[in-house]
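S.K.:
Chains as they are written, first to last, in the working numbering: chain A, 7 to 305; chain B, 7 to 305.
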């Protein structure tokens, strides 16, 4: 049981129609490791500046996260400012400050190199490629990306995709990558370029998961309280991969259940700003919501 | 077992990025009754002109549809021309010709007045109200509408909604009606205005169904062959209500299964232009796809 996440650890300023929060902790690595921490002991790789709150690092460690791969460098933490429209699926980036991420080359600590599951969260695909070569013999490698890399470094991205098992994407990314508007055909096309599982994250419309042998679909949890959608996709990834690392099994049934745990974790994180929901969330609440998902789709 | 559908019977010209079909048979009543005909013997109410193809009327009757309530009037059938974008969820109306629908007041034949299920497909809410008063003691009344009526006759629409059991809508309509961007809150708000079941049809993203006591969600069938989305919603309604009329039971479990049969019928009709899929579709194919839906969401 060993799960390594390479991602970003941010300070985010988030504007919603109701409220704005300044410089709260976020980032793909943050959301992913906290979600995964309910299932396994994630090992994180990334970099923060001196302004990254000490109490959050302690929170990570209290939740069993291995932070030996998280460098603290002189300077300021990567910063992102975004605004959500009334429709929370519509997000605008207002500002980014690269700060300590500039020139950063992720190094996998020696202690992490036997990772069984490796998650390459959204970063420059050239860095993702570099990380891959540092891990010895993972049983499962998953990756995420974004429209920016699809536009600017498609060949580097395709080269990483060839080497991964699980590819996470949203509607827009999968259509952009394949030039195919039909999501099912697009998903199946991705399967031909390397990954054996494609997880299409559709936000409030749930998840569609494609593999050679089956398609799995589940609606999103019907949430009345969507406060801040930031981190939903990364929390999905953390729940999905954290569960698989816990059970040490990667069959069809496992993957389906993992996608439900991913949806469960995403459904919690959007209920308040940033990582607030993870400060109080219990394993019981997670299991209860898993049962709610069973009821949601039962017929 | 008696199911009455009041709807439109059109000639449609449909433009997709791949192909255009001129003056093919369509309309809410057409799609709904054909889908329902796999479960029960629907009775239809509507009007067509002399140009409505005789062989389609025969096809209706061959499928067990009671056409006594379908008037044939001098003049031309209601005509609609629409265009789908590369994204089949995006539809533009290019032309409508009211023709024989002008001044039409639906009359429920005496033989239909003991209908157990009544479906008021999308027409002027004032006409829907008039129809309601003609049916004696239905066990279930369902209605559909569209953004045009929400904008132009909101009060008439709300007055009908107070009197129905099942309300069908899409994302845009439900948000427009309630002024609520969160779909779950919007769905629950509709429940307060009359209907005991709200069926939110989300096209390629499936269906969310709200009632006082439960929420049911199911993804759309992951179709690689979306040729013409016209009639998907009406075919859903036909499958949903036709199944309920067949089993004569309206409990939670029945409603959930009905929503899956609705999704099954919608998944077939989009695979070719107009009502083409219904010309060859068999009950076995319907049952097979029902099983595929079970596999799709199983975990």
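Every residue, glycine too, gets a C-beta built ideally from N, C-alpha and C.
Nothing here was measured: the structure is a model prediction, and the numbers come from that model.
Can you tell me whether residue 24 of chain B is buried or exposed? The criterion is at least 16 other CB atoms within 10 Å of its CB, across all chains shown.
M.R.: Residue 24 of chain B is exposed by the Cβ-count criterion.
S.K.: Going along chain A, which residues have a C-beta under 8 Å from residue 266 of chain B?
M.R.: Result: 305.
S.K.: Going along the stretch 202-213 of chain A in order, which residues come within less than 8 Å of chain B, judged by CB to CB distance?
M.R.: From the stretch 202-213 of chain A, only 208, 210, 211, 212 have a Cβ closer than 8 Å to chain B.
S.K.: Return the chain-ordered list of same chain residues with a C-beta closer than 8 Å to the C-beta of residue 153 of chain B, the five sequence neighbours on each side being excluded.
M.R.: Excluding positions up to five away in sequence, the list reads 178, 179, 182.
S.K.: Name the residue from B/140, B/87, B/245 whose alpha carbon lies nearest to the alpha carbon of residue 100 of chain B.
M.R.: The residue with the shortest Cα to Cα distance from residue 100 of chain B is B/87.
S.K.: From residue 159 of chain A to residue 141 of chain A, what does the alpha carbon distance come to, in whole angstroms?
M.R.: Their Cα atoms are separated by approximately 23 Å.
S.K.: According to DSSP, is residue 217 of chain A helix, strand or coil?
M.R.: Residue state, collapsed to three classes: strand.
S.K.: What number of angstroms, rounded off, separates the C-alpha of residue 210 of chain A from the C-alpha of residue 68 of chain B?
M.R.: Cα to Cα, the separation comes out at about 42 Å.
S.K.: Distance check for residue 102 of chain A and residue 30 of chain A, CA to CA, integer angstroms please.
M.R.: Whole-angstrom Cα-Cα distance: 14 Å.
S.K.: So, at 6 Å on beta carbons, what are the nonlocal neighbours of residue 45 of chain A in its own chain, with the 5 sequence-adjacent residues on each side left out?
M.R.: Once the five neighbours on either side are set aside, the close Cβ partners of residue 45 of chain A are 248, 249, 252.
S.K.: Helix, strand or coil: how does DSSP classify residue 41 of chain B here?
M.R.: Correct three-state label for residue 41 of chain B: helix.
S.K.: Quick check on the DSSP output: what are the complete beta strand (DSSP E) runs of length 3 or more inside the stretch 49-121 of chain B, in order along the chain?
M.R.: Counting only runs of 3 or more, we get 49-54, 72-78, 85-90, 97-103.
S.K.: Mind checking residue 105 of chain B: buried by the 16 CB within 10 Å criterion, or exposed?
M.R.: By the 10 Å Cβ count, residue 105 of chain B comes out buried.
S.K.: Name the residue from A/83, A/292, A/260, A/198 whose alpha carbon lies nearest to the alpha carbon of residue 18 of chain A.
M.R.: The shortest Cα separation from residue 18 of chain A among A/83, A/292, A/260, A/198 belongs to A/83.
S.K.: Could you check whether the Cβ of residue 219 of chain A sits closer than 7 Å to any Cβ belonging to chain B?
M.R.: No, because no Cβ of chain B sits closer than 7 Å to the Cβ of residue 219 of chain A.
S.K.: For a contact defined as C-beta to C-beta under 7 Å, what are the partners of residue 223 of chain B on chain A?
M.R.: Under the 7 Å cutoff, chain A gives 225, 228, 302, 303.
S.K.: Taking the straight line between their C-alpha atoms, what separation do you get for residue 34 of chain B and residue 49 of chain B?
M.R.: Near 14 Å, if we compare the C-alpha coordinates of residue 49 of chain B and residue 34 of chain B.
S.K.: Suppose the cutoff is 8 Å on Cβ atoms and the five residues either side in sequence are ignored; what does the same chain contact list for residue 261 of chain B look like?
M.R.: Answer for residue 261 of chain B: 203, 215, 217, 222, 250, listed in chain order.
S.K.: Under 7 Å, CB to CB, which of the residues in the stretch 74-100 of chain A have a partner in chain B?
M.R.: Answer set for the stretch 74-100 of chain A: 92, 93.
S.K.: Give the DSSP bridge partners of residue 27 of chain A, in chain order.
M.R.: According to DSSP, which records beta bridges pairwise, residue 27 of chain A is partnered with A/20.
S.K.: For residue 224 of chain A, name the three-state secondary structure that DSSP assigns.
M.R.: The answer is strand: DSSP assigns residue 224 of chain A an E or B state.
S.K.: Please classify residue 2 of chain B as buried or exposed, where buried requires at least 16 other C-beta atoms within 10 Å of its C-beta.
M.R.: No information on residue 2 of chain B is available, as it lies outside the stretch 7 to 305 that chain B covers here.
S.K.: Among the residues of its own chain, which have a CB less than 6 Å from the CB of residue 313 of chain A, if the five just before and after it don't count?
M.R.: The displayed coordinates of chain A run from 7 to 305. Any statement about residue 313 of chain A would go beyond what the structure contains.
S.K.: From the DSSP output, read off the bridge partner residues of residue 207 of chain B.
M.R.: Per DSSP, B/176, B/213.
S.K.: Would you say residue 187 of chain B faces chain A, with C-beta separation under 7 Å as the test?
M.R.: Answer yes: the Cβ-Cβ gap between residue 187 of chain B and chain A drops below 7 Å somewhere.
S.K.: Looking at the secondary structure, which residues open and close the beta strand (DSSP E) in which residue 148 of chain A lies?
M.R.: Where residue 148 of chain A is concerned, the enclosing beta strand (DSSP E) stretches over 146-149.
S.K.: For residue 263 of chain B, decide whether its Cβ has a neighbour in chain A, counting only Cβ atoms nearer than 7 Å.
M.R.: By this cut-off, residue 263 of chain B is an interface position.
S.K.: DSSP three-state call for residue 12 of chain A: helix, strand or coil?
M.R.: Looking at residue 12 of chain A - three-state DSSP - the assignment turns out to be strand.
S.K.: Can you find a C-beta in chain B that's less than 7 Å from the C-beta of residue 190 of chain A?
M.R.: Interface residue, yes.
S.K.: Residue 244 of chain A and residue 37 of chain A look like a contact to me (Cβ under 8 Å); what is the Cβ gap, rounded to whole Å?
M.R.: The Cβ separation is near 6 Å, so the contact holds.
S.K.: Keeping to the same chain, check which residues put their C-beta closer than 6 Å to that of residue 205 of chain B; ignore five residues upstream and five downstream.
M.R.: Closer than 6 Å at Cβ, skipping near neighbours: 174, 215.
S.K.: Could you give the DSSP three-state label for residue 280 of chain A: helix, strand or coil?
M.R.: Of the three classes helix, strand and coil, the one that applies to residue 280 of chain A here is coil, per DSSP.
S.K.: Specify, as a first and last residue, the run of the alpha helix (DSSP H) that residue 124 of chain A falls within.
M.R.: Segment 123-126 is the beta strand (DSSP E) holding residue 124 of chain A; no alpha helix (DSSP H) there.
S.K.: Starting from the C-beta of residue 85 of chain B, find all residues in its chain whose C-beta is less than 8 Å away, skip the five residues before and the five after it, and write them out in chain order.
M.R.: Here the set comprises 16, 17, 18, 19, 29, 101, 102, 103, 105.
S.K.: Tell me, which residues are paired with residue 32 of chain B by DSSP?
M.R.: B/16.
S.K.: Mind checking whether residue 201 of chain A and residue 190 of chain B have CB atoms under 7 Å apart?
M.R.: No; because the gap between Cβ atoms is not below 7 Å, this pair is not in contact.
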